[in-house]
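Input: a single structure, listed below in structure tokens.
Residue numbers (this note's numbering), protein chains in the order written: chain A, 1 to 508; chain B, 509 to 937; chain C, 938 to 1293.
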């Protein structure tokens, strides 16, 4: 079945997740949909599968308009989506899951369900068996079960959203083989990923989304990786800008020149650190961050940058190795000890982890006081000063969640105490407009000028190149050596982020 | 706050609401057995029955009317102790012209956790009650406290002994029936009918009153077992299980339904009830319908056999009305005399509703032959030729209750310290 | 970075006065309307005039000194519980264990009474309150520990501990602390009269109880408004992760808030023993803790409203005693009204919070 979308738009609040997309996916092929996190891939897929309803535009199946009121409509039309987290009932067996998620019209009896499951699994080379309890299946097997369920319900278009996250290489191979087989039988497969190799290995065509827009349309594979990366990260534009601005970054940068302090004491020292969180493992990491250094962390979301930041702030603990702040060994200490040692962590999700939405800036400063009683006047004064110094658009008593994202970020920065020695920032300018981002960096660099070391993760390659003294690139838990700013270009960074140059088993 | 918990809480409160509503049908005053509005004036003295309640705080008694109040521990339609009291009070209304009953029932920590007896009494007094009856052993302290606070109101504490102990204020009197006789008859009927020779007693809480009633039942059963069945006393099993209160309070007391079914499963073929409610006969009836041979003797209320005609051996009951009527008439006439009264049956006709405080209605399940034997037994009690509280009687631990050749006096019986030898069950807590 | 823009505050609440007036009133109006509608329905279904019933519920408790005393003696422990719950609610905790904390406080209050009955009464009362508060606090800490170290939600930990506490009271009443010669659920021996909290004349009003409760409210009010600790509790309640990042020891604050609530609930338990029941009964909490939860939920842990709402709820309960006498309605309608108020407050808040 052919799937096409015309002028499809979808907004969440002020963010345009999909902006007038027009695309066509032919039957019998595997179509890759590429893009960085937040590019709008998942939104597009959810629109096609009926989980979301478009603000404008139409979706057509085989040329006929489909007004989808829900995933049920899409499935009846033959479109099924497999989520990153399979939606199943862990307490049931595989067969029970299949049966309870399928109407009687599709599978008439228990025996037929079993027969169907065994047959489809055998045909597709899946290892899932009818009597296995779902709680004991691997993520890969649950995915297999989900595919079988959708096929049993008559799906002819399969949408897979990042299906290879968290499954083994063996299962990935089995999945790809099955998908090829299904496509060869005339089904349409939409494969969403941000992993270039997988798309290259599997897909017949590829399209690229960036910031909700279609930037690369239905290119027949193979497409050179550099081109794809360029589309994903807009390196073409950045490269032009980079050419105008000398890489040493004095005259052309948007920031006033900053006198860099002489590399003084070491703020962070990691010795042979191994740590794991979720699917990411960092191995045998050695790192030194001296005072006054800005270290940028590049990489696709979930490649290990967040874990490193959390390690640096004591929010995650290493399995082995040592973490030193200054000359103090803080391995295994809690975030409170790091904070006492002058380390601040600025999370990406400001309202979830950074600040307390219902409280005002003045309340936040009151929380930082040391006396038993709240000194309202002092807190308000501090808030007023911060508002002036950081250009926050708020009164001291406005609740933080009434502020715009940029102002929230500034407020969070303003709350970093002056004695701070090291700042670990996750996506410090995510979601901010250019002017706000500039203000944030103005404040950050002012901290750096005071001798504070800054480690930040960002998806914005320009930002990384512009503000970092050195950049570490992460790829699936592997880390590049520190790359001095002079050696960086957006293109080179894009390649590294895409895994080019990373060896199969270790760092370059 | 975590918003997801709002729903959980909302659910909890909804459940609590339902529970609160659910309690209502258990004993709504409007479904009282007499089918009367609980507080409406009796038909004779109520030209406008709805009007007086409009101002609750005001004294609502009509001129010349004598309002008396009753505080009951359980619901008025419990088919037992409380219903017997309630009907006794209704009897007063019919026999003493110009009197009107107001009452608050279910005054116990489970049904009304924030209401104490004193509070309930004060509500009744504020509604114009000049005479208050309280009907449970727990109400002793509260009755005395309220009596001290209201010297102009007379109090009758049923089942109490404050007057006997000399701790009662002068406006308190005590009244109790000699249910010992009724229990002896029930025990005898059980012993006559039992095939297994295993009698179970569904006990409420443990106090001197409940102990002497168990002992009486046992003495009646043992006498009839030996005398009429001709079997040795030690071949009669007699067991008591205490639930912990006068009636079931879920989660606090043992569940009498469970206790009764346990009795039946253990092979006891007669269940004698000592609690206010009718679980004993109800369960026996169910078991009987399921094919088991089980009988029951309920307690307190004359009509209690109705809960299970087919298994009912008979019910010993209280008939509070006549004596209530006399005491209230006296109080109204200014002739209130505090005393400790313990009144037995009218032996000339124990079931005479006008005269006898204690009665025994034989149940349909009692065979004609056993009924005749029981009549013979009652005859012996009536003419005084048989006094079962005659020594030698020993307590469970072997100490002497009544020495050989002696007859226990009232005080000894009233303050019974233990169960008797031969009874299985907890004697003193 | 134009300075004009920087200094302009975002002020979303600039609306006409009339509108604002409606904004502030629509939540209580919605709540009251809903609750009264539901309760009226229940009343009408039993054939009773809702107006008469409401008059008794609202004003019945004030119609005589005796009833007012009863109302105050119910409001005092209720106020203590609700006051304690201000702290836990602010910390984002649903301390459903307040019932058990009260019961354990009551049990603990019995200890000095049984062990040292010969001490002078004022000293004994002080000991009782101290023991009760400690007992309640420890019981609450147990729930806090389960929450912090075993990952058991304080709701379920609290419910479980409630059962345990009432089981303990039951065991003591029926077992070691029973009246001599009897075993009844009705309670332990009454305390000697000289150990009852002193009352005004023959009324059942012991002034010490409301004094303690109001003092506790005043202190808690001051604590949540003026101290950093109070602000930190709120920060933890709103966002424990961010609070932790901002240097607030969230775990410690959770434990402290629970302990403080248990402390006050325990004091309420001592009042139940010394001032209300004068004995330990199995149902010593008599639902006061749960009623306190309703109060705290209704006022959203705002100390300004705790006292009036506690008094109103206590009046409902005390006034409802007259209902069966005056109208032939079961007293439980008071519970229906109280529950309905909270239910509709939650519903109304949910509806109003919804955007658009």
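No residue lacks a Cβ here, since even glycine has one placed at the ideal position from N, Cα and C.
Report yes or no: do the region 772–779 of chain B and the region 626–640 of chain B share at least 3 C-beta pairs separated by less than 8 Å?
no
Taking residue 31 (chain A) as part of the alpha helix (DSSP H), name the residues at either end of that continuous run.
The count along the first chain starts at 1 and reaches residue 31 (chain A) at position 31. Premise fails: residue 31 (chain A) lies in the beta strand (DSSP E), 30–34, not in any alpha helix (DSSP H).
Compute the Euclidean distance between the alpha carbons of residue 996 (chain C) and residue 904 (chain B), then round it to the nearest angstrom.
Locating residue 996 (chain C) in the third chain gives position 59, where the first residue counts as 1. Locating residue 904 (chain B) in the second chain gives position 396, where the first residue counts as 1. C-alpha separation (whole angstroms): 56 Å.
Could you check the C-alpha separation between residue 1089 (chain C) and residue 97 (chain A) for me, to the nearest Å?
The residue given as residue 1089 (chain C) occupies position 152 in the third chain. The residue given as residue 97 (chain A) occupies position 97 in the first chain. Their Cα atoms are separated by approximately 29 Å.
Roughly how many whole angstroms lie between the Cα atoms of residue 1060 (chain C) and residue 670 (chain B)?
Residue 1060 (chain C) sits at position 123 when you count from the first residue of the third chain. Residue 670 (chain B) sits at position 162 when you count from the first residue of the second chain. Those two C-alpha atoms are separated by around 32 Å.
Report yes or no: is there a C-beta of chain A within less than 7 Å of the C-beta of residue 1163 (chain C)?
As a first step, residue 1163 (chain C) is located in the third chain; it is residue number 226 there, counting from the start. Chain A, which has a Cβ nearer than 7 Å to the Cβ of residue 1163 (chain C), makes this yes.
For residue 514 (chain A), I'd like the list of residues in its chain whose CB is within less than 7 Å of its CB, leaving aside the five on either flank, ordered along the chain.
Examination of residue 514 (chain A) is not possible in this model, given that chain A is present from 1 through 508 alone.
Taking only beta-carbon positions, decide if residue 1168 (chain C) is within less than 7 Å of chain A.
Counting from one through the third chain, the residue named residue 1168 (chain C) turns up at place 231. Residue 1168 (chain C) counts as touching chain A.
According to the Cβ coordinates, are residue 1294 (chain C) and residue 1194 (chain C) closer than 7 Å?
Only positions 938 to 1293 of chain C appear in this structure, which leaves residue 1294 (chain C) out of reach.
My assumption, with CB atoms under 8 Å, is that residue 1232 (chain C) sits in contact with residue 1250 (chain C). Please give the rounded CB distance.
Position 295 of the third chain, counting from 1, holds the residue named residue 1232 (chain C). Position 313 of the third chain, counting from 1, holds the residue named residue 1250 (chain C). Yes, residue 1232 (chain C) and residue 1250 (chain C) are in contact; Cβ-Cβ is about 6 Å, under 8 Å.
How would you write the range of the beta strand (DSSP E) that residue 425 (chain A) sits in, first residue to last?
Locating residue 425 (chain A) in the first chain gives position 425, counting from the first residue. Counting along the chain, the beta strand (DSSP E) containing residue 425 (chain A) begins and ends at 422–426.
For a test of the three-state rule: what should DSSP assign to residue 400 (chain A), helix, strand or coil?
Working through the first chain from its first residue, we reach residue 400 (chain A) at position 400. Note: residue 400 (chain A) maps to helix in three-state DSSP.
Would you check if there are 3 or more beta carbon pairs closer than 8 Å linking the region 1015–1034 of chain C to the region 1255–1266 of chain C?
Short answer: they don't touch.
Measure how close the beta-carbons of residue 191 (chain A) and residue 182 (chain A) come, nearest whole angstrom, since I'm counting them as under 8 Å.
Indexing the first chain from 1 puts residue 191 (chain A) at position 191. Indexing the first chain from 1 puts residue 182 (chain A) at position 182. In fact, because the Cβ distance is near 11 Å, the residues do not count as touching under 8 Å.
Measuring CB to CB, does residue 809 (chain B) end up less than 7 Å from residue 587 (chain B)?
Numbered from 1 along the second chain, position 301 holds the residue referred to as residue 809 (chain B). Numbered from 1 along the second chain, position 79 holds the residue referred to as residue 587 (chain B). Contact annotation: residue 809 (chain B) and residue 587 (chain B) have beta-carbon atoms nearer than 7 Å.
Tell me whether the beta-carbon of residue 725 (chain B) lies closer than 7 Å to the beta-carbon of residue 694 (chain B).
Here residue 725 (chain B) refers to the residue found at position 217 of the second chain. Here residue 694 (chain B) refers to the residue found at position 186 of the second chain. In this structure, residue 694 (chain B) lies closer than 7 Å to residue 725 (chain B) by Cβ.
When the cut-off is 7 Å and only beta carbons count, does residue 440 (chain A) lie next to chain C?
Taking the first chain and counting its residues from 1, the one referred to as residue 440 (chain A) is at position 440. Output row for residue 440 (chain A): interface = no.
Relative to the C-alpha of residue 1069 (chain C), which residue among C:1093, C:1002, C:1204, C:967 is closest?
By 1-based counting over the third chain, the position of residue 1069 (chain C) is 132. Considering only alpha carbons, the answer is C:1204.
Does the distance from the C-beta atom of residue 1038 (chain C) to that of residue 1199 (chain C) stay below 7 Å?
Within the third chain, the letter at position 101 stands for residue 1038 (chain C). Within the third chain, the letter at position 262 stands for residue 1199 (chain C). A contact, by the Cβ cut-off of 7 Å.
Reducing DSSP to helix, strand and coil, say where residue 170 (chain A) ends up.
Position 170 of the first chain, counting from 1, holds the residue named residue 170 (chain A). Three-state DSSP puts residue 170 (chain A) in a helix.
Taking 7 Å as the CB-CB limit, is residue 1175 (chain C) close to chain A?
To locate residue 1175 (chain C), count along the third chain from 1; it is residue 238. Cβ-Cβ to chain A under 7 Å: yes for residue 1175 (chain C).
Under 7 Å, CB to CB, which of the residues in the region 575–604 of chain B have a partner in chain C?
none
Assuming residue 812 (chain B) and residue 792 (chain B) are in contact, meaning their beta carbons sit under 8 Å apart, how far apart are those beta carbons, in whole angstroms?
Mapped onto the second chain, residue 812 (chain B) falls at position 304. Mapped onto the second chain, residue 792 (chain B) falls at position 284. Not really, about 12 Å apart at Cβ, beyond 8 Å.
Looking only at its chain, what residues have a beta carbon closer than 7 Å to the beta carbon of residue 125 (chain A), apart from the 5 residues adjacent to it on each side?
Here residue 125 (chain A) corresponds to residue number 125 of the first chain, with the count starting at 1. Same-chain partners within the cutoff: 174, 177, 178.
Spatial neighbours of residue 465 (chain A) within its chain, please: CB distance less than 6 Å, with the 5 preceding and 5 following residues excluded, ordered by chain position.
The sequence position of residue 465 (chain A) within the first chain is 465, counting from 1. The beta carbon of residue 465 (chain A) lies closer than 6 Å to those of 488 in the same chain, with the five residues before and after it left out.
Rounded to whole angstroms, what's the CA-CA distance from residue 1147 (chain C) to residue 1010 (chain C)? Just pull it up for me.
For the purposes of this step, residue 1147 (chain C) is taken as residue 210 along the third chain, with counting starting at 1. For the purposes of this step, residue 1010 (chain C) is taken as residue 73 along the third chain, with counting starting at 1. In this model, residue 1147 (chain C) and residue 1010 (chain C) are separated by some 7 Å (Cα to Cα).
Specify whether the region 817–828 of chain B and the region 864–876 of chain B touch according to this definition: at least 3 beta carbon pairs, one from each stretch, less than 8 Å apart.
yes
Excluding five sequence neighbours on each side, which residues of the same chain lie with their C-beta closer than 6 Å to the C-beta of residue 499 (chain A)?
As a first step, residue 499 (chain A) is located in the first chain; it is residue number 499 there, counting from the start. Contacts found: 475.
How would you write the range of the beta strand (DSSP E) that residue 220 (chain A) sits in, first residue to last?
One-based indexing of the first chain puts residue 220 (chain A) at position 220. First-last of the beta strand (DSSP E) with residue 220 (chain A): 213–220.
Please report the straight-line C-alpha distance between residue 1071 (chain C) and residue 1046 (chain C), rounded to a whole angstrom.
Position 134 of the third chain, counted from the start, is the residue given in the question as residue 1071 (chain C). Position 109 of the third chain, counted from the start, is the residue given in the question as residue 1046 (chain C). Residue 1071 (chain C) and residue 1046 (chain C): Cα-Cα distance of roughly 10 Å.
Taking the CB atoms as reference points, tell me whether residue 401 (chain A) and residue 357 (chain A) lie closer together than 7 Å.
Taking the first chain and counting its residues from 1, one reaches residue 401 (chain A) at position 401. Taking the first chain and counting its residues from 1, one reaches residue 357 (chain A) at position 357. In this structure, residue 357 (chain A) lies closer than 7 Å to residue 401 (chain A) by Cβ.
Across the region 678–692 of chain B and the region 833–853 of chain B, are there enough close Cβ pairs to call them in contact, namely three or more that are closer than 8 Å?
yes
Going along chain C, which residues have a C-beta under 7 Å from residue 114 (chain A)?
Numbered from 1 along the first chain, position 114 holds the residue referred to as residue 114 (chain A). What residue 114 (chain A) touches in chain C: nothing, since even the nearest Cβ is about 38 Å away.
Quick one: what does DSSP say residue 10 (chain A) is sitting in, helix, strand or coil?
The residue labelled residue 10 (chain A) in the question sits at position 10 within the first chain. Strand at residue 10 (chain A).
Go ahead and pull the three-state DSSP assignment for residue 565 (chain B).
Taking the second chain and counting its residues from 1, one reaches residue 565 (chain B) at position 57. Note that residue 565 (chain B) has pLDDT 38, beneath the 50 cutoff, so the model's placement of it is unreliable and the number below is only indicative. Coil, per DSSP.
At a Cβ threshold of 7 Å, is residue 437 (chain A) touching chain C?
Position 437 of the first chain, counted from the start, is the residue given in the question as residue 437 (chain A). Cβ-Cβ to chain C under 7 Å: no for residue 437 (chain A).
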